[in-house]
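Asker: My questions will all concern the structure given below.
Numbering (the UniProt record's numbering), first residue to last: 1 to 246.
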């Protein structure tokens, strides 16, 4: 419980490898996560080779932890394995559709979170790379992923070489809804985001980016509408390419 409450994103790692047995044990334990119909619709690609990390780096916007971490894990939504088993047992699978991708993606993300919790409890540090679904086509090619397999999460993992401040979180009163969803009034929005906006680092962020509000950092700089639409189009093409949207 302490490791969950105190978790931090770690981007700098010691030059210390992770033993194969330890990594496999953590992964095997993470596979106890809930799964759709007990089908285990995920695969994990373990990358240790520096050359392979260098190939993956551009797909993750060359974030330095991709090449500096001892291990990079790519968690994939995978209906390939299960579909092949079905055909070998005279059963015709019908999993080349969006719903099946969503089921497999959910399976993979549950395992991903399990792994991060386990790794942090073992004294390791992790960083979740959201860039995986920005450039899935590149990762598919580099990792030789077949049809019905799509990468949905990438984790860098290693022994921490930093201890960054824990990032802020919204108050629970702004997230928990009792019985039914209670939509937010303007006054409630002000209250929920007040602490985040008051933090010196966020105020400085606004200042150096020459924006009027912190929200504009997200809408105008970090997660722009044009970028979201372009990457959404790419994701749709990738789903079709991998036979999840025929």
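We put the beta carbon where it would ideally sit given N, CA and C, even for glycine.
1) Where do the N-terminal and C-terminal ends of the alpha helix (DSSP H) with residue 96 fall, by residue?
2) Comparing alpha-carbon positions, which option in 101, 59, 50 lies nearest residue 239?
3) Among the residues of its own chain, which have a CB less than 6 Å from the CB of residue 7, if the five just before and after it don't count?
4) Keeping to the same chain, check which residues put their C-beta closer than 7 Å to that of residue 111; ignore five residues upstream and five downstream.
5) For the beta strand (DSSP E) containing residue 128, list its first residue and its last residue.
6) For the beta strand (DSSP E) that contains residue 153, what are its first and last residues?
7) Name, in chain order, the residues that DSSP records as bridge partners for residue 43.
8) Return the Cβ separation of residue 147 and residue 235 in integer angstroms, given the expectation that the two are a contact with Cβ distance under 8 Å.
9) So does the region 77-92 actually touch the region 135-144, counting three or more Cβ pairs closer than 8 Å?
10) Output the boundary residues of the alpha helix (DSSP H) element that contains residue 228.
11) Thinking C-alpha only, which one of 60, 63, 68, 36 is nearest residue 49?
12) Should residue 47 and residue 72 be called a contact, given that it needs their Cβ atoms to be closer than 8 Å?
Answerer: To lay it out plainly:
1) Counting along the chain, residue 96 falls outside any alpha helix (DSSP H), and DSSP gives it neither H nor E.
2) Distance check between residue 239 and each of 101, 59, 50 places 101 closest, using alpha-carbon atoms only.
3) These residues qualify, in order along the chain: 120.
4) Excluding residues within five positions, the ones whose Cβ falls inside 7 Å are 30, 31, 33, 42, 75.
5) First-last of the beta strand (DSSP E) with residue 128: 125-129.
6) Its beta strand (DSSP E) spans residues 149-158.
7) DSSP lists 76 as partners of residue 43.
8) Contact doesn't hold; Cβ gap of about 16 Å is too wide.
9) No, the region 77-92 is not in contact with the region 135-144.
10) Where residue 228 is concerned, the enclosing alpha helix (DSSP H) stretches over 225-241.
11) Just measuring C-alpha positions, the residue of 60, 63, 68, 36 sitting nearest residue 49 is 68.
12) The answer is yes: Cβ separation under 8 Å.
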